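Notes follow the structure.
2 protein chains.
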Amino acid sequence: MQRRDMIRMMSALAATGALAAPAFAQGDAKPTSPDGETLMDMSKVPPSWFGNEQVAVIIYDNMTALDVIGPQYFLSGLFGATVHMVAKTDQPITSDSGITITPTATFETCPRALDILLVGGGVSGTLAAMRDDVTLDFLADRGSRAKWVTSVCTGSLLLGQAGLLKGYRATSHWIGRPLLNDFGAIEVNERMVFDRNRATGAGVSAGLDLGLELMHRMRPLDLAQAMQVMAEYAPEPPLDFGTPEKVPSDVLAGIEGRLSGFTDAVRATARTARI
Amino acid sequence: MQRRDMIRMMSALAATGALAAPAFAQGDAKPTSPDGETLMDMSKVPPSWFGNEQVAVIIYDNMTALDVIGPQYFLSGLFGATVHMVAKTDQPITSDSGITITPTATFETCPRALDILLVGGGVSGTLAAMRDDVTLDFLADRGSRAKWVTSVCTGSLLLGQAGLLKGYRATSHWIGRPLLNDFGAIEVNERMVFDRNRATGAGVSAGLDLGLELMHRMRPLDLAQAMQVMAEYAPEPPLDFGTPEKVPSDVLAGIEGRLSGFTDAVRATARTARI
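Chains A and B supply the protein sequences, listed in that same order.
Letter by letter, the first sequence follows residues 5 to 279 of the working numbering.
Letter by letter, the second sequence follows residues 5 to 279 of the working numbering.
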């Protein structure tokens, strides 16, 4: 099918509401109410907003849900794309804050050619994934072909363990950033780092910035504008302690002390990284 | 049990890792690795960080997941609190962007006395919830006793329909803000509005600001500092179109046009609001 035909077909589907039109921005799974009202008129969506990407968001037990739910919001705004929530098996996973999510695909059923591979982080869950050969095989395989290989938070340590950051500039959650060199990556203290087709984000909330930037690179500016304003992404943090440099040293030392077992375990695990 | 005893018990539990210690910040459900390593030493958590709140995060089909996953990150950092993901039934719900979440409690099993009631928004899902008497009964009941009645995005329209915002200053997603007056609320164009025990947030991403502010009000500053830096919540949006005022008028008109069916349906529904 030619691109023009595909876009025409998608626009027609969108007009019927049959196309998944995720997120508040562009509609949802049921843009018509049970009473038959048209709640969102998708026929008015510009054809230039459509594509047909395959996006895989990797989820696993004891990960940090917000790491991926932030960027998933923006990526789900890529009209025509399919965003898979991919786990090792079809069983629900539970995040470190107690969010239980059912995968939409498994390592087996996930498309082999991906436009975006996105990996979030965590503490014990991320370490367990770094020590799981099935997970590393999957990431190495999909990462070798994906157009974008991306992470948020300590997800970059998992990419690193799978051998996907060797020779790349990268960032991570600040607790994990000094560990990136152990995977052959070049540590960069920035909120987002784009190096060729690798895009890594800092801790947790950086996923919103990363997701918006990624979708902005894949679509016309007016869709990125629409998505940002639909997310009302004009943050006003009520406190100003968002980076290690801004936090009192005793609070920072407390966190580092509580997490020293994790960082030690990551360093030990990195000795078997696939690099 | 006296508060001092409770805190001592919780600290002891935390030291064993038996206490749920959610989110990257303070540990996760398995702070010890399968190999027996201590990944997070929870014995070093200050006793002043503990409480025993009951938090209910309301979830429903076709809601916007990020509306609640953002604040849930910060609220899960309230050591000793229990954060319930509450739905009408025990069946998983699916968000408007395709995230399927399993509830941890139902309207039946949710504690009657809540410290925080939190409601997120959406489009068709929120409208459906506004038209569901069981949901409205539940919200009106729990909201009548909750210490904090809170919302993110169009969740405030749902609170309004349940009669919980009458006479209160409130905000909402910008698309829903002009509708607040229909519920007897006083519309305020701010990212977060605190009026007595009502706390409402603007669209989607405002939930991160709201969650951090709420937890800050319930715990010592050093825990809020720790949570903010663990979330690395120092946002750097790569674009600057986060509010309606900043978006080109044709993009804004496009969104308003596509959503006019929703806003019309909300206005019609508001005529039967419990106010």
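Heads up, the beta-carbon is just placed ideally off N, CA and C, and yes, glycines get one too.
Predicted, not measured: the structure shown is a model, and the values here were computed from it.
- Per-residue burial, Gly74 of chain A [other beta carbons within 10 Å of its own, 16 or more giving buried]: Taking every protein chain shown into account, the CB of Gly74 of chain A has 16 or more other CB atoms within 10 angstroms, so this residue is buried.
- Task: Identify the contact partners of Lys48 of chain A in chain B, using a Cβ-Cβ distance below 7 Å as the criterion.
- Result: Ordered by position in chain B, the residues that pass the 7 Å Cβ test against Lys48 of chain A are Gly258, Gly261 and Arg262.
- Task: Compare the Cα-Cα distances from Glu236 of chain A to each of A:Pro248, A:Tyr77, A:Ala206 and A:Ser99 and report the closest residue.
- Result: Considering only alpha carbons, the answer is A:Tyr77.
- Message: Can you pull the chain B neighbours of Gln76 of chain A, defined as C-beta to C-beta under 9 Å?
- Response: Those within 9 Å of Gln76 of chain A in chain B are Ala69, Leu70, Ser101, Gly102 and Ile103.
- Task: Would you please verify whether the beta carbon of Leu212 of chain A is less than 8 Å from any beta carbon of chain B?
- Result: Leu212 of chain A belongs to the set of residues whose beta carbon lies under 8 Å from a beta carbon in chain B.
- Under three-state DSSP, which class holds Arg202 of chain B? In the three-state reduction of the DSSP assignment, Arg202 of chain B falls in the strand class, which pools E and B.
- Cβ pair count under 8 Å reaching 3, the region 102-118 of chain B against the region 40-52 of chain B: Taking 8 Å as the limit for Cβ pairs, the verdict is that the region 40-52 of chain B does not touch the region 102-118 of chain B.
- DSSP three-state call for Met89 of chain A: helix, strand or coil? In the structure shown, Met89 of chain A sits in a strand (DSSP, three-state: E or B).
- Message: Between the alpha carbons of Ala206 of chain B and Trp152 of chain B, how many angstroms are there, rounded?
- Response: Near 17 Å, if we compare the C-alpha coordinates of Trp152 of chain B and Ala206 of chain B.
- Query: Hey, would you say Ser155 of chain A sits closer than 8 Å to Val127 of chain A, going by beta carbons?
  - Reply: Contact annotation: Ser155 of chain A and Val127 of chain A have beta-carbon atoms that are not nearer than 8 Å.
- Task: Express the C-alpha separation of Ile259 of chain A and Ala150 of chain B in angstroms, rounding to a whole number.
- Result: If you draw a straight line from the Cα of Ala150 of chain B to the Cα of Ile259 of chain A, it comes to about 32 Å.
- Query: In this structure, what does DSSP give as the bridge partners for Arg173 of chain A?
  - Reply: Secondary-structure assignment with DSSP links Arg173 of chain A through a beta bridge to A:Ile190.
- Query: Given Leu169 of chain A, which residues of its chain have a CB within under 6 Å of its CB, disregarding the five upstream and five downstream residues?
  - Reply: Here the set comprises Leu163, Phe187 and Ala189.
- Message: Measuring only the C-alpha atoms, how far is Met134 of chain A from Phe266 of chain A?
- Response: Cα-Cα distance, rounded: 12 Å.
- With a CB to CB cut of under 6 Å and the five nearest residues on each side skipped, what residues in its chain are close to Ala269 of chain A? The residues are Leu131.
- Query: Is the shortest distance between the beta-carbon of Pro51 of chain B and the beta-carbons of chain A less than 8 Å?
  - Reply: Taking Cβ atoms only, chain A never reaches closer than 8 Å to Pro51 of chain B, which makes this a no.
- Skipping 5 residues on each side, what residues in its chain have a beta carbon closer than 8 Å to that of Leu263 of chain A? Residues Val127 and Ile179 of the same chain have their beta carbon placed closer than 8 Å to that of Leu263 of chain A, with the five preceding and five following residues left out of the count.
- Proximity below 8 Å, CB of Glu240 of chain A to CB of Asp213 of chain B: Taking 8 Å as the Cβ cut-off, Glu240 of chain A and Asp213 of chain B qualify as a contacting pair.
- Message: Is there a Cβ of chain B sitting closer than 8 Å to that of Asp226 of chain A, yes or no?
- Response: Yes - at least one Cβ of chain B is within 8 Å of the one on Asp226 of chain A.
- Message: Taking a contact to mean a Cβ-Cβ separation below 8 Å, would you say Gly129 of chain A touches Met67 of chain A in this structure?
- Response: Cβ atoms of Gly129 of chain A and Met67 of chain A: closer than 8 Å.
- Message: Using 8 Å for Cβ pairs, my map puts Leu79 of chain A next to Val87 of chain A. What's the rounded Cβ distance?
- Response: Leu79 of chain A to Val87 of chain A, Cβ: 6 Å. Contact.
- Message: To the nearest angstrom, how far is the alpha carbon of Cys114 of chain A from that of Gln165 of chain A?
- Response: The alpha-carbon of Cys114 of chain A is positioned some 21 Å away from that of Gln165 of chain A.
- Query: Of all the beta strand (DSSP E) runs that stay within the bounds of the region 42-67 of chain A, which reach a length of 3 or more residues?
  - Reply: Whole beta strand (DSSP E) segments, 3+ residues: 58-62.
- Message: Please confirm whether Phe111 of chain B has its beta-carbon closer than 8 Å to some beta-carbon of chain A.
- Response: It does not; no Cβ of chain A falls within 8 Å.
- Item | Cβ-Cβ separation, Gly125 of chain B to Arg278 of chain B (assumed contact under 8 Å), whole Å | So it is not a contact: roughly 18 Å between Cβ atoms.
- Task: Please go through the same chain and pick out, in chain order, the residues whose beta-carbon is closer than 8 Å to the beta-carbon of Arg116 of chain B, but skip the five residues on each side of it.
- Result: Correct list, in chain order: Asp145, Arg146 and Arg149.
- Query: In whole angstroms, what is the alpha-carbon distance linking Ser52 of chain A and Met196 of chain B?
  - Reply: One C-alpha to the other measures close to 34 Å.
- Task: Over the uninterrupted beta strand (DSSP E) stretch that includes Leu122 of chain B, give me the two end residues.
- Result: From DSSP, the beta strand (DSSP E) with Leu122 of chain B extends over Ile120 to Val123.
- If you drop the 5 nearest sequence neighbours on each side, which residues of the same chain put their C-beta closer than 8 Å to that of Val138 of chain A? Sequence-distant Cβ neighbours of Val138 of chain A in its own chain, meaning closer than 8 Å and more than five residues away, are Lys92 and Phe111.
- Task: Would you mind stating whether Pro242 of chain A and Glu194 of chain B have Cβ atoms separated by less than 8 Å?
- Result: No, the Cβ-Cβ distance between Pro242 of chain A and Glu194 of chain B is not below 8 Å.
- What does a CB cutoff of less than 8 Å around Gly215 of chain A pick up in its chain, not counting 5 residues either side in sequence? Residues of the same chain with a CB within less than 8 Å of the CB of Gly215 of chain A, apart from the 5 flanking positions on each side, are Gly74, Pro75, Gln76, Tyr77, Phe78 and Leu79 in chain order.
- Count the other C-beta atoms from every protein chain shown that fall within 10 angstroms of the C-beta of Arg223 of chain A, then say buried if there are 16 or more, exposed otherwise. So Arg223 of chain A ends up on the buried side.
- Beta-carbon neighbours of Val138 of chain A, restricted to chain B and to distances below 9 Å: Under the 9 Å cutoff, chain B gives no residues; its nearest Cβ is about 15 Å from Val138 of chain A.
- Message: So Ile97 of chain B and Ala60 of chain B are supposed to be a Cβ contact under 8 Å. How far apart are they, rounded?
- Response: Contact between Ile97 of chain B and Ala60 of chain B does not hold, since their C-beta atoms are separated by about 14 Å, which reaches or exceeds 8 Å.
- Taking Ser176 of chain A as the reference, which of A:Val233, A:Ala228, A:Leu143 and A:Thr247 has the closest Cα? Closest by C-alpha distance to Ser176 of chain A, out of A:Val233, A:Ala228, A:Leu143 and A:Thr247, is A:Thr247.
- Query: If we cut at 8 Å on Cβ distances, does Met134 of chain B have a partner in chain A?
  - Reply: Using beta-carbon distances, Met134 of chain B does not count as an interface residue toward chain A, since no partner is under 8 Å.
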